[in-house]
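Add 90 to the 1-based position in the sequence shown for my numbering, that's all there is to it. Yeah, the Cβ is synthetic: ideal placement off N, Cα and C, and Gly gets one too. Reading through the structure tokens given below for one structure.
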Amino acid sequence: MNDYGSLKQRFEAAGQEQVFAFWESLKAGERRRLADEAASIDLEEVNRLSKRLLHNSGSNAPGLDGLEPAPHVPHPAHGGDAAVWKEAHARGAKALRDGRVAAFTVAGGQGTRLGYDAPKGTFPATPVRRISLYQVFAEKILAANRKYGVHIPWYIMTSHQNHEATQAFFDDNRFFGLAPATVSFFRQGRMPAVDFQGKIMLESKCTIALNPDGHGGALRALVRSGSVDAMEEAGIDIMSYFQVDNPLVHCIDPAFIGFHIESSAEFSSKMVPKAYPGEKLGHFCRDKEGRLVVIEYSDMPEELAEATDADGQLRFRAGNIAIHTLGRDFVRRVGSGRSQSGLPFHRADKKIATVDSRGEPIRPESPNGIKFEMFVFDALPLARDPVIVETLRPEEFSPIKNAEGVDSPETSRNDQLRQWTRWARAARVDIPCDDSGLPEFAWEVSPLFADTEGEFLNKWHGLNPKPAIESGVVLR
Ligand code: UTP
């Protein structure tokens, strides 16, 4: 970037000249850095968003009038038709064998709640081997490769902050046995933070306060990075989307993929029944235009969240656990649009580290600015024929979000132990447990041994002799 003058002029014309407030005092390298960051900003978009979001609470929530619960495909354990699930499974398995499916992980978040000083995917998640979240997913993908006779490509969306460290982690661990050419990393987009007057904030004299643009940024980033083109070239038209924080996720789920294909859906989601009305999961709903939408738990009026059906179940019980199937062409369509035609941005008021008029650092104690983020579930109402499929929480959802308490490394580890122990008990292995099904000792099942109860039972019955399940045992 050598044409600094015209860049500064553009910022002045947009009322954002404060970005260059310290320009005269910067060294050449610092100027280059600031100019590069400034050049990456879509000023028109930032000013448009500031205008729209500064003067409302920022919640872009869909209207609540005439809201109905979204329909979903019930799991066979909750009255779903087992024959229909079997068909869906077969359909999805065929798509997998035909090489139509890629795995896709969003891992560009900042993970502030966990407070772990490395990319979240490198966090040791399992009870005995203490393998990383990335290794858990890699083993699940490897197992699917073996099952379906393919090399499922795995796309990982990183952030500017964690990109290099993520790649280095895969290199250092030899891609956990996956073919390196099948794993692709790309950075998500960034958005500048603005103050409550809509002015772009500096993080230091020569850097702008830039943040990842939310998991919804995945759609743009998939397009911009060339990933969508690469998928098209490889004959892939379906992405299996999951977050980096949930070691129980079925990264590759043939039945879910089968339901998605059967309904010619452009975007599909898994749901679990909410455990209680205030649980922090978004609600799958149908709006008055008949579109499926997700209403964030914070936007759901209490009386709707607490309403029950005649059978006493929560009426709006379908909780969003951020597991989706995305159609490639849908991602191209939505991800190619600018913000008016693509996903909406939401406003989040945050404490943003910045500098004062003398360039001295400010570490605010209360929110002093706004971050702009897109949410992937805002794609749902834009999609044709979306389908929502129930899954079983104990089998598929136990995220690591917080350092302690709910959704923490400890709760997730215990949920993994309960799952494997349930499977073993179904195979008539006697393991001492407490009332919650938590075994008295830690042991582990690698996804390479089994990723579902059915697979466990098959493998276990084929083992001769059978190993003793005791403290520290790992089945792989
Ligand atoms: P979370 O909502 O848990 O946010 O992200 P976070 O940033 O990781 O964590 P906190 O809130 O700071 O503690 C859910 C998933 O979406 C990804 C995360 O990496 C995680 O897999 N994500 C989130 C992105 O990929 N990009 C983002 O900008 C935000």
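Classify residue i as helix, strand or coil using the three-state DSSP reduction.
i	result
methionine 91	For methionine 91, the pLDDT reaches just 45, beneath the cut-off of 50, and the residue's location in the model is therefore unreliable, although a value from the coordinates is still provided. In the structure shown, methionine 91 sits in coil (DSSP, three-state: anything other than H, G, I, E or B).
leucine 338	coil
serine 429	Here the model assigns serine 429 a pLDDT of 47, short of 50, so the residue's position is not dependable and the matter cannot be decided.
proline 484	helix
lysine 247	Just to set this straight, residue 247 is methionine in the shown sequence, not lysine. DSSP places methionine 247 in strand when its eight states are reduced to three.
alanine 173	helix
valine 109	helix
proline 159	strand
leucine 144	coil
leucine 309	helix
glutamate 293	strand
leucine 116	coil
serine 274	strand
leucine 404	strand
lysine 491	coil
leucine 268	coil
leucine 154	coil
proline 164	coil
aspartate 319	helix
alanine 62	For the chain, the structure presents residues 91 to 566; residue 62 sits outside this window and is missing.
leucine 288	Note on residue identity: the sequence assigns glycine, not leucine, to residue 288. Three-state result, glycine 288: coil.
asparagine 137	helix
alanine 473	coil
aspartate 261	helix
aspartate 132	coil
Which one or two residues does DSSP pair with residue i in a beta bridge?
i	result
asparagine 410	Met361
glutamate 560	Paired residues: none, contrary to the question.
asparagine 301	Met281
valine 191	Ile328
isoleucine 478	Ser359
glycine 417	Ile328
lysine 461	Ala438
proline 451	Val445
valine 466	None, per the DSSP bridge assignment.
glutamine 99	The partner list for glutamine 99 (beta bridge, DSSP) is empty, contrary to what the question assumes.
glutamine 333	Val196
leucine 565	Val535
Taking Cβ positions only, does residue i come closer than 8 angstroms to chain C?
i	result
glutamate 134	Annotation note: the requested chain C is absent from the structure, which comprises a single protein chain.
Can you pull every residue whose C-beta falls closer than 5 angstroms to some heavy atom of the ligand UTP, listed in chain order?
Val196, Ala197, Gly198, Gly199, Gln200, Gly201, Thr202, Arg203, Pro302, Gly304, His305, Gln333, Val334
Suppose only complete runs of 4+ residues qualify. What are the alpha helix (DSSP H) ranges in the segment 497-552, listed by chain order?
499-516, 543-552
List, from N- to C-terminal side, the beta strand (DSSP E) runs of 3 residues or more that fit wholly inside the segment 341-400.
357-363, 373-376, 382-385
Pair every Cβ in the segment 283-290 with every Cβ in the segment 241-252, then say whether three or more of these pairs are closer than 8 angstroms.
no
At least 3 beta-carbon pairs within less than 8 angstroms: the segment 217-228 vs the segment 352-359
no
In the segment 196-257, which residue ranges form an unbroken beta strand (DSSP E) of at least 3 residues, counting only runs that do not cross its ends?
244-248
With a threshold of 8 angstroms, are at least 3 pairs of Cβ atoms found where one atom belongs to the segment 125-141 and the other to the segment 371-384?
no
Specify whether the segment 302-321 and the segment 440-451 touch according to this definition: at least 3 beta carbon pairs, one from each stretch, less than 8 angstroms apart.
no
Examine the Cβ distances between the segment 192-206 and the segment 233-249 and report whether three or more of them are shorter than 8 angstroms.
yes
Is there contact between the segment 494-504 and the segment 469-476, where contact requires at least three CB pairs shorter than 8 angstroms?
no
At least three beta-carbon pairs within less than 8 angstroms, the segment 513-523 to the segment 484-493
no
Stretch-stretch touch, CB-based, cutoff 8 angstroms, three pairs: the segment 262-281 with the segment 164-173
no
Would you check if the segment 293-309 and the segment 389-407 touch, i.e. whether three or more CB-CB distances between them fall below 8 angstroms?
no
Hey, is the segment 264-272 in contact with the segment 154-168, meaning 3+ C-beta pairs nearer than 8 angstroms?
no
Just checking, does the segment 523-538 make contact with the segment 204-220 on the three C-beta pairs under 8 angstroms criterion?
yes
Does the pairing of the segment 501-509 with the segment 336-354 give three or more beta-carbon distances under 8 angstroms?
yes
So, does the segment 405-417 touch the segment 109-125, judging by three or more C-beta pairs under 8 angstroms?
no
Taking three-plus beta-carbon pairs below 8 angstroms as touching, is the segment 414-434 in contact with the segment 308-318?
yes
Is the segment 538-558 touching the segment 510-519, taking contact as three or more C-beta pairs under 8 angstroms?
yes
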